[in-house]
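With the sequence shown counted from 1, adding 23 to any position gets you this note's numbering.
Report on the following structure.
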Amino acid sequence: MNGEGFRGSLGNLVITQEDRGVYVKGSLPKFLNGENANSLTRQGLREALGKIEAETRLNTHIAQVRQLEIGATLSVEKPPRRYLETWGPVSRYSKDIYGNGKTVTYHTKSRSFSGYDKGAEMTPKALPWPYAGRYCLRLELRYQKGLKPLLGRFLSPWEILEIEHYNDFIERWKQFYFSIPKRRLMFIDMEDVTPKKLERSLASFGLHSYGLDKLNANIIDGQRCGQYSPVNASRMRQLAHELEQDKRFSSAAPLAIEIDEKVQATLSRLEKEKASL
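Shown next, in the form of structure tokens:
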């Protein structure tokens, strides 16, 4: 306690009292269950908010959500970094790689999307059931700020649980994941090939060999030093994206297909949970 306010903790939650109000920050899954590998259901989130109210006497119904995280843990067949290696650049987001490839984060000033090795992040603790003994990839969309302009107003934690908003944030998580270009397997189909198709096919091979991340970084550097205009830089990035994703010259890599299918399975499970409530 000091002249500026009070700072304490409730389990893993940090509670700060200032002149402007009381701030509670932390992982609700970890607060309720002691771990955050398993995401909470809507019912679990209700229980977590009720527990906060019971133990702090705070009225969470009049609280405002200033930061938000939407995430899911996926059991995978290979080490998570193998899947993250297939992720390319996302337009208007900076991409950072940490821990020898075990974490990839796309970010702006207000939001980020991360994929990371959940088992490595929890070390030395073991992953809980049903993930124990398995490789696990965690996908998280975070809003550090900017929720008010995004939604038109601040929502309370209980409003986040309403179907409309709950569905909206799950959809945003889904859309960001599927917006990430994944490395593809290149091939040349010489059946009915034309000189133009052959040229683009060879360009796809060249891009695959050079690396989409490396090319994107060079374009950004050239734009910053004035070598390329913003319009030309945008056109170059668009051309590279089209060549990388052109299904006439490439097919999805098995690792990318695996995660796509697991994301879809997670979304289907969430739909069933919502229908049962």
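Glycine is no exception: its CB is placed at the ideal position from the N, C-alpha and C atoms.
Return helix, strand or coil for E78, following the three-state DSSP convention.
-> Here the question's residue 78 lines up with position 55 in the sequence shown. Three-state DSSP puts E78 in a helix.
Could you check the C-alpha separation between V37 and E182 for me, to the nearest Å?
-> Your numbering for residue 37 matches position 14 in the sequence shown. Your numbering for residue 182 matches position 159 in the sequence shown. Looking at the two C-alpha atoms, the distance is approximately 22 angstroms.
Closest Cβ-Cβ distance between Q90 and chain B: below 8 angstroms?
-> Among the chains in the structure shown there is no chain B, since it carries only a single protein chain.
Chain-order list of residues whose beta-carbon lies under 8 angstroms from that of T131 (same chain, five-residue window excluded) = Mapped onto the sequence shown, residue 131 falls at position 108. Result list for T131: R115, Y116, S117, in chain order.
Leaving out the 5 sequence neighbours to the left and right, which residues in its chain are closer than 7 angstroms to L63 when beta-carbon positions are compared?
-> As a working note, residue 63 is residue 40 in the sequence shown. Counting only Cβ-Cβ distances below 7 angstroms, and skipping sequence neighbours, we find L51, P52, L55, A71.
Who are the near neighbours of A256 in its chain, counting only those whose CB is closer than 6 angstroms to its CB and skipping five residues on each side?
-> What you label residue 256 is simply residue 233 of the sequence shown in a count that begins at 1. Here A256 has I242, Q246 as same chain residues with Cβ atoms under 6 angstroms from its own Cβ, once five neighbours each way along the sequence are excluded.
Answer yes if the stretch 191-202 comes into contact with the stretch 69-86, meaning at least three C-beta pairs across the two stretches below 8 angstroms, and no otherwise.
-> no
Taking buried to mean at least 16 other C-beta atoms within 10 Å of its own C-beta, is N140 buried or exposed?
-> Locating residue 140 in the sequence shown gives position 117, counting from the first residue. This sequence places Asp at residue 140; Asn is not what is there. Looking at its Cβ environment, which holds 16 or more other Cβ atoms inside 10 Å, D140 is buried.
beta-carbon K148 near the ligand SAH non-hydrogen atom, thresh 7 angstroms = Looking at this structure, you won't find the ligand SAH or any other ligand, since it has none at all.
May I ask you to report which of helix, strand or coil DSSP gives M24?
-> Sequence index remark: in the sequence shown, residue 24 carries index 1 (1-based). Low confidence applies here, because M24 scores a pLDDT of 38, under 50, leaving its location unreliable and the question unanswered by this model.
Closest to L290 by CA distance: which of G229, E194, N239, A275 is it?
-> By 1-based counting over the sequence shown, the position of residue 290 is 267. Sorting G229, E194, N239, A275 by C-alpha distance to the C-alpha of L290 places E194 at the top.
Extent of the continuous beta strand (DSSP E) run through Q268 = Translated into the one-based positions of the sequence shown, residue 268 becomes position 245. Note, Q268: premise wrong, no beta strand (DSSP E); alpha helix (DSSP H) at 253-268.
Spell out the partners DSSP gives I40 in its beta bridges.
-> By one-based count along the sequence shown, residue 40 stands at place 17. A quick correction: the sequence has Gln, not Ile, at residue 40. According to DSSP, Q40 bridges with F29, V45.
Using a Cβ-Cβ cut-off of 8 angstroms (strictly less than) and excluding sequence neighbours within five positions of P102, which residues of its own chain qualify?
-> In the sequence shown, residue 102 corresponds to position 79, counting from 1. D140, Y158.
Could you tell me which residues DSSP pairs with K118 in its beta bridges?
-> Numbered from its first residue, the sequence shown carries residue 118 at position 95. Beta-bridge pairing links K118 to Y129.
Please determine, among P204, A226, Y251, the residue with the shortest C-alpha to C-alpha distance to I211.
-> Mapped onto the sequence shown, residue 211 falls at position 188. Comparing Cα positions, the closest option is A226.
Quick one: residues in its chain with C-beta nearer than 6 angstroms to the C-beta of A143, no 5 flanking neighbours on either side, listed in chain order?
-> Along the sequence shown, one-based indexing puts residue 143 at 120. Answer for A143: K125, listed in chain order.
In chain order, each beta strand (DSSP E) run of at least 3 residues that lies wholly inside the stretch 200-260 | 207-209
On a CA-only basis, which of S273, D236, Q261, E92 is nearest E108? Give me that one, please.
-> In the sequence shown, the residue the question calls residue 108 occupies position 85. Ranking S273, D236, Q261, E92 by Cα distance to E108 puts D236 first.
If you compare alpha carbons, which of E222, S273, A240, R176 is closest to H231?
-> For the purposes of this step, residue 231 is identified with residue 208 of the sequence shown, where counting begins at 1. When each option's Cα is compared against that of H231, the closest is S273.
Ends of the beta strand (DSSP E) at E92?
-> Position 69 of the sequence shown holds residue 92. Taken as a continuous stretch (DSSP letters only), the beta strand (DSSP E) holding E92 covers 91-99.
Can you tell which of P218, P277, N190 has the C-alpha that lies nearest to the C-alpha of L208?
-> Position 185 of the sequence shown, counted from the first residue, corresponds to residue 208. Of P218, P277, N190, the residue nearest in Cα terms is P277.
Quick one: is Y106 buried, meaning 16 or more other Cβ sit within 10 Å of its Cβ, or exposed?
-> Residue mapping note: residue 106 aligns to position 83 of the sequence shown, counting from 1. It is buried - the Cβ of Y106 has at least 16 other Cβ atoms within 10 Å.
6 angstroms Cβ shell around M24 - same chain, five flanking residues per side excluded | Counting from one through the sequence shown, the residue named residue 24 turns up at place 1. In this prediction, M24 has a pLDDT of 38, which is less than 50 and means its spatial position is unreliable; what the coordinates show is noted afterwards. Nothing listed; no residue qualifies.
Specify the secondary structure class of Y154 as computed by DSSP and reduced to three states.
-> On the sequence shown, residue 154 is found 131 positions in, with the first residue counted as 1. Residue state, collapsed to three classes: coil.
Enclosing beta strand (DSSP E) for R134 [first to last residue] = For this step, residue 134 is matched to residue 111 along the sequence shown. Per DSSP, R134 belongs to the beta strand (DSSP E) from 134-140.
Should R271 be labelled buried (16 or more other beta-carbon atoms within 10 Å of its own) or exposed?
-> Numbered from its first residue, the sequence shown carries residue 271 at position 248. Classification of R271: exposed, given that the 10 Å Cβ count is below 16.
Which value, in whole angstroms, describes the spacing of the CA atoms of G67 and I85?
-> Your numbering for residue 67 matches position 44 in the sequence shown. Your numbering for residue 85 matches position 62 in the sequence shown. Going from the Cα of G67 to the Cα of I85 covers about 19 angstroms.
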